[in-house]
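Student: Encoded as structure tokens, here's the structure I'll be asking about.
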Amino acid sequence: MKKEIYKSLERIVGSEHITDRDTERQCYAYDATQIQAWPDCVVFPGTSQEISEILQLANKLHFPVVPRGAGSGMSGGSVPIQGGVVLVLLRMNRIKEIDPNNFLTVVEPGVITRDLQLAVEAKGLFYPPDPSSSHFSTLGGNLAECAGGGRAVKYGVTRDYVLGLEVVLPSGEIIKTGVQTAKGVVGYDLTRLMVGSEGTLGIITRMVLKLIPLPEARQTILAFFDQMALATQTVVEIFRAGILPSILEFMDHSSIACVEEYLKLGLPTQAQALLLIEVDGDREAVVRQGETIQLICRQIGAGRVKMAATPLEAEELWKARRAISPALFRLRPNKINEDVVVPRDKIPEAIERFQEIGRRLDLLIVGFGHAGDGNIHVNVMFDGKKTDEKERAQKAVVEIFKTVLELGGTLSGEHGIGLTKAPFLTLELDPISLNLMKKIKDLFDPNHILNPGKIFS
Ligand SMILES: Cc1cc2nc3c(=O)[nH]c(=O)nc-3n(C[C@H](O)[C@H](O)[C@H](O)COP(=O)(O)OP(=O)(O)OC[C@H]3O[C@@H](n4cnc5c(N)ncnc54)[C@H](O)[C@@H]3O)c2cc1C
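When we follow our numbering, the leftmost residue of the sequence shown carries the number 985, and every step to the right adds one.
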């Protein structure tokens, strides 16, 4: 990066909020995908106005700007693949307002998801979107990816809680979208366009989020099955009984065995599937629903069913699910993690077909995820040092995507396209839609200075 550009950026944010030291550049070169590309410098803006000035400069001098929250993204969204500036939004981390009368909150993008959840829960309110990364991911990153998480089955995803935004456009202009009311239908829905746009159309600098009352009680149940089909049948029966669980997670045989090997929790390693189920709401209803779910699990043939009597016991039941990610790395040093979605009654067929792909390509493929909404986290395990194994893993991903589309599914439920899925966009989108999306990008960002190289390969 030219010295003059660095100096201009320094003038905008102050010398203590910009760096081009190698150690810092390296820290902001990656996200959770392990893909790395070093930025020329890292900038930590404190206001929307500073971001506006940075984007005006980027447009004038044509350098890339890549917004970044916590860098926990799973598709390479915050990796500065073309260099330039990584714009870290962590300084803008104020919860500006929690309004119990109107059930809403106004926050800046650098707030950590869990911090907002705790702050509103202290006032008897609830912000349901709950990605497993909630303890470290930012709300800006959650909105940019339209993060999901376990509670999506009952409460929906991030976009369902966004009422309005302040956005700095690539031109540097600052706009307000949406409303600060419960409803609003004036003009095109730019708020929805921004949510899930992966930092390619604008930088979110302020958000108005919807809240709901905090559920009174919660009940957690863990059940093991000898066949994946029995677990799926259980899911269907739970819905048929008129129960909408707040969590409905599953793990396949390989992930159960892998976690057991890692933590020695006493899990039955012969089990083909595990369901982790939670219901929440009014105390009496929760007790009743918990008992009905236990009964359904047993009637369908669950080998073992456990119901938590206390929050501590519930935490014990969660241990296996939380341990999957670290446990997987004991199997192979590298993994490709995809977050495909299929109609939920197609989960057993999808898992069986993924296993068949694994057998044929001599790879270990592990599946777990959100049984309630059909969102499967498929992990293709490999050793990156073995070229042949890596190539087979990449081949497996293409076959997995094709299988998912054949089953009526979609390539990504919550992690976004970013860099990793960009080459596969044409598998799912028709050329006319894709072209329309590219035109939208051109309209917002004619010089392609904002997060270039993402979504469209
Ligand atoms: C262990 C683990 C568990 C996870 N579990 C889940 C899960 O359950 N559900 C789920 O959905 N995801 C999950 N993720 C993925 C990830 O945490 C989410 O995508 C999260 O929303 C990213 O937030 P971040 O702050 O880390 O964003 P980053 O990774 O920094 O950025 C993500 C994208 O958002 C853009 N961006 C960031 N801030 C802004 C902003 N203010 N304005 C515009 N664009 C912006 C970036 O340019 C990038 O494209 C998980 C990740 C890990 C590592």
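Cβ atoms here follow ideal geometry from the backbone N, Cα and C, with glycine treated the same way.
If you reduce the DSSP assignment to three classes, tell me which class Y1172 lands in.
Tutor: Translated into positions along the sequence shown, residue 1172 becomes position 188. Looking at Y1172 - three-state DSSP - the assignment turns out to be coil, as it is neither helix nor strand.
Student: When the Cα atoms are used, what is the spatial distance from P1430 to L1174?
Tutor: If you number the sequence shown from 1, residue 1430 lands on position 446. If you number the sequence shown from 1, residue 1174 lands on position 190. For P1430 and L1174, the distance between alpha carbons rounds to 18 Å.
Student: For V1443, which residues from the same chain have a beta carbon less than 7 Å from its beta carbon, with the 5 sequence-adjacent residues on both sides left out?
Tutor: Only positions 985 to 1441 of the chain appear in this structure, which leaves residue 1443 out of reach.
Student: Output the residue ranges of the beta strand (DSSP E) runs that lie fully inside the stretch 1171-1211 and measure 3 residues or longer, sorted by chain position.
Tutor: Taking only runs of at least 3 residues, the beta strand (DSSP E) segments lying wholly in the stretch 1171-1211 are 1187-1194, 1201-1209.
Student: Since V1219 contacts A1355 with CB under 8 Å, what's their CB separation in whole angstroms?
Tutor: Residue 1219 sits at position 235 when you count from the first residue of the sequence shown. Residue 1355 sits at position 371 when you count from the first residue of the sequence shown. Correct: roughly 5 Å between the Cβ atoms.
Student: With DSSP as the reference, please indicate the residues paired to N1363 in a beta bridge.
Tutor: Here residue 1363 refers to the residue found at position 379 when the sequence shown is read from its first residue. Answer by DSSP bridge pairing, in chain order: N1321, V1350.
Student: Measuring CB atoms only, is the stretch 1406-1418 touching the stretch 1373-1386, in the sense that at least three cross pairs come out at less than 8 Å?
Tutor: Judged by Cβ distances under 8 Å, the stretch 1406-1418 makes contact with the stretch 1373-1386, as three or more pairs qualify.
Student: Assign H1119 to buried or exposed, taking buried as 16 or more other Cβ atoms, counted over all protein chains shown, within 10 Å of its Cβ.
Tutor: Taking the sequence shown and counting its residues from 1, one reaches residue 1119 at position 135. Label assigned to H1119: exposed.
Student: Since L1195 and Y1111 should fall inside the 8 Å C-beta cutoff, what is the C-beta to C-beta distance between them, to a whole number of angstroms?
Tutor: For the purposes of this step, residue 1195 is taken as residue 211 along the sequence shown, with counting starting at 1. For the purposes of this step, residue 1111 is taken as residue 127 along the sequence shown, with counting starting at 1. Indeed, because the Cβ distance is near 6 Å, the residues count as touching under 8 Å.
Student: Would you kindly check if the distance between the Cβ of G1132 and the Cβ of G1397 is under 7 Å?
Tutor: Looking up residue 1397 in the sequence shown gives position 413. Looking up residue 1132 in the sequence shown gives position 148. Yes; because the gap between Cβ atoms is below 7 Å, this pair is in contact.
Student: Quick one: residues in its chain with C-beta nearer than 7 Å to the C-beta of Y1084, no 5 flanking neighbours on either side, listed in chain order?
Tutor: For the purposes of this step, residue 1084 is taken as the residue at position 100 of the sequence shown. For clarity, residue 1084 is Pro in the given sequence; the question names Tyr instead. Once the five neighbours on either side are set aside, the close Cβ partners of P1084 are K1107, L1109.
Student: Taking the alpha helix (DSSP H) that R1337 falls in, what are its first and last residues?
Tutor: Here residue 1337 corresponds to residue number 353 of the sequence shown, with the count starting at 1. First-last of the alpha helix (DSSP H) with R1337: 1331-1344.
Student: How about V1027 and V1063: do their beta carbons lie closer than 7 Å?
Tutor: Working through the sequence shown from its first residue, we reach residue 1027 at position 43. Working through the sequence shown from its first residue, we reach residue 1063 at position 79. In this structure, V1063 does not lie closer than 7 Å to V1027 by Cβ.
Student: Give a single yes or no on whether G1061 has its beta carbon closer than 6 Å to a heavy atom of ligand 1.
Tutor: The sequence position of residue 1061 within the sequence shown is 77, counting from 1. Yes, the Cβ of G1061 comes within 6 Å of a heavy atom of ligand 1.
Student: In chain order, what residues of the same chain lie with their CB nearer than 7 Å to the CB of N1321, ignoring the 5 residues before and after it?
Tutor: Taking the first residue of the sequence shown as 1, we reach residue 1321 at position 337. Here the set comprises M1058, H1361, N1363.
Student: Less than 8 Å between the CB atoms is what I'm expecting for I1308 and F1352, so what's the real figure, rounded?
Tutor: As a working mapping, residue 1308 is identified with position 324 in the sequence shown. As a working mapping, residue 1352 is identified with position 368 in the sequence shown. Right, the Cβ-Cβ distance comes to about 6 Å (below 8 Å), so this counts as a contact.
Student: Exposed or buried, what is D1114 when buried is set at 16 or more other beta-carbons lying within 10 Å of its beta-carbon?
Tutor: Position 130 of the sequence shown, counted from the start, is the residue given in the question as residue 1114. Answer is buried; the Cβ neighbour count reaches 16.
Student: When the distance is taken between beta carbons, is P1154 closer than 7 Å to L1039?
Tutor: Residue 1039 sits at position 55 when you count from the first residue of the sequence shown. Residue 1154 sits at position 170 when you count from the first residue of the sequence shown. Going by C-beta atoms, L1039 is nearer than 7 Å to P1154.
Student: Looking at ligand 1, does it come within less than 6 Å of L1073, judged from the CB to the closest heavy atom?
Tutor: Taking the sequence shown and counting its residues from 1, the one referred to as residue 1073 is at position 89. Indeed, a heavy atom of ligand 1 lies less than 6 Å from the Cβ.
Student: I1331: which of R1306, G1358, R1305 sits nearest, CA to CA?
Tutor: If you number the sequence shown from 1, residue 1331 lands on position 347. Selected option, being the one with the closest Cα: G1358.
Student: Is any non-hydrogen atom of ligand 1 found closer than 6 Å to the C-beta of S1117, if you look at the structure I gave you?
Tutor: For the purposes of this step, residue 1117 is taken as residue 133 along the sequence shown, with counting starting at 1. Within the cutoff, so yes.
Student: Would you call the stretch 1093-1103 in contact with the stretch 1198-1218, where contact means no fewer than 3 C-beta pairs closer than 8 Å?
Tutor: Verdict: no, contact absent.
Student: In this structure, how does DSSP classify D1236 when only helix, strand and coil are distinguished?
Tutor: Position 252 of the sequence shown, counted from the first residue, corresponds to residue 1236. DSSP places D1236 in strand when its eight states are reduced to three.
Student: Determine the DSSP secondary structure at H1315, reduced to helix, strand or coil.
Tutor: For the purposes of this step, residue 1315 is taken as residue 331 along the sequence shown, with counting starting at 1. The sequence shown places Leu at residue 1315, rather than the His named in the question. The answer is coil: DSSP assigns L1315 none of H, G, I, E or B.
Student: To the nearest angstrom, how far is it from the Cα of N1043 to the Cα of S1181?
Tutor: As a position in the sequence shown, residue 1043 is number 59, starting the count at 1. As a position in the sequence shown, residue 1181 is number 197, starting the count at 1. Their Cα atoms are separated by approximately 20 Å.
Student: Taking 7 Å as the threshold (C-beta atoms), are V1324 and G1393 in contact?
Tutor: As a position in the sequence shown, residue 1393 is number 409, starting the count at 1. As a position in the sequence shown, residue 1324 is number 340, starting the count at 1. Result yes, Cβ atoms of G1393 and V1324 sit closer than 7 Å.
Student: By DSSP, does G1148 sit in helix, in strand, or in coil?
Tutor: Numbered from 1 along the sequence shown, position 164 holds the residue referred to as residue 1148. Strand at G1148.
Student: Tell me whether I1261 sits in a helix, a strand or coil according to DSSP, three-state version.
Tutor: As a position in the sequence shown, residue 1261 is number 277, starting the count at 1. Strand.
Student: Is it the case that the CB of T1122 approaches a heavy atom of ligand 1 more closely than 6 Å?
Tutor: Counting from 1 along the sequence shown, the entry for residue 1122 is found at position 138. The answer is yes for T1122.
Student: Helix or strand or just coil, what does DSSP make of M1291?
Tutor: For the purposes of this step, residue 1291 is taken as residue 307 along the sequence shown, with counting starting at 1. If DSSP states are grouped into helix, strand and coil, M1291 belongs with the strands.
Student: Would you check whether ligand 1 has a heavy atom nearer than 6 Å to the C-beta of N1359?
Tutor: For the purposes of this step, residue 1359 is taken as the residue at position 375 of the sequence shown. Outside the cutoff, so no.
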